[in-house]
Ligand SMILES: [Zn+2]
C-alpha cells in the first residue's frame, strides 16, 4: 500500500471542511465540544457499538468494503462474524461503560473518522479495515504513519486550531497550567492528556 503523508495544515483544512459542513458555529462561534458522533453520521457513516475483542485490545475499526467483521459475542460466548457495510465504524462497547471516559470514546470515534477521511482510497477494495488497537498490541507496524496521521487528524477534529486558541486566550487569565488544561479539556470534552498534547504541539504550553 502506498502511503500518502498529509501535512498538518492540510489536516486542519480537512477538519475545517468537515466541521463547518455540519455547523459553521462549531468552528467560528464560542468554543465548545465538537459533536463527533453526530458529525460521523452526517458524513453518511454508521456508528455501531459491539464487543470487538474479548480482551478489549481493539477499540475501533473502520470498514471500507462491504463484507464481514469479527466481533466477540458474549452470548455464545466466542468470536463470530457479522455482516458490515462500507462506511461502518465499529466502536468497542467497553468505551460506553460507566467506568470509561467520554474522552476516550470520543477520541476513538474521531480517530476512526480520520481513517475514513484520509485512508478510504488506500483501503477500498483491499478487504482490509483500519482498526484502532490499544497501545500494548501495537507492534512495529508498517501502519505507523497511518496511525500517526489518524491520531493527529482525530485531535484536530476534536480541538480545531482556531477554537483551541480562542478558548486558550479566554481561559488563560488567572489559571495555572494544570487548571487551564483541565478546564479546556472540559470545554472540548477530551481527556486531559489529549488536551495537553494538543496545546504543546501548538506551542501554547
Ligand atoms: Zn487507526
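Numbering (our numbering), first residue to last: 2 to 206.
C-beta atoms are modelled at their ideal positions from N, C-alpha and C, and glycine is treated no differently.
| Item | Value |
| --- | --- |
| Any non-hydrogen atom of ligand 1 closer than 6 angstroms to residue 148 Cβ | yes |
| Endpoints, the alpha helix (DSSP H) within which residue 14 is located | 9 to 23 |
| Beta-carbon separation (whole angstroms), residue 146 vs residue 6, contact threshold 8 angstroms | 6 angstroms |
| Straight-line gap, residue 72 to residue 175 (C-alpha atoms, nearest Å) | 48 angstroms |
| Which of helix, strand or coil DSSP assigns to residue 99 | coil |
| Rounded C-alpha distance that separates residue 44 from residue 77 | 34 angstroms |
| Residue 156 Cβ short of 6 angstroms to ligand 1 heavy atom set | no |
| Three-state secondary structure (DSSP) of residue 45 | coil |
| Neighbour-count burial assignment, residue 89, 16 or more Cβ in a 10 Å radius | buried |
| Close beta carbons around residue 125, own chain, < 8 angstroms, minus the five adjacent residues each side | 65, 66, 87 |
| Nonlocal neighbours in the same chain, by C-beta distance under 6 angstroms from residue 196, ignoring five residues either side | 182, 185, 186 |
| Boundaries (first-last residue) of the beta strand (DSSP E) holding residue 84 | 79 to 85 |
| 6 angstroms Cβ shell around residue 117 - same chain, five flanking residues per side excluded | 63 |
| Within 7 angstroms, strictly: CB atoms of residue 69 and residue 191 | no |
| Length of the line joining the Cα atoms of residue 119 and residue 98 | 29 angstroms |
| Check: residue 195 C-beta below 6 angstroms from any heavy atom of ligand 1 | no |
| Closest by C-alpha distance to residue 198, when choosing among 171, 153, 131, 163 | 153 |
| Any non-hydrogen atom of ligand 1 closer than 6 angstroms to residue 111 Cβ | no |
| Residues of its chain near residue 112, where Cβ-Cβ distance is below 7 angstroms and the 5 sequence neighbours each way are ignored | 61, 133, 151, 152, 155 |
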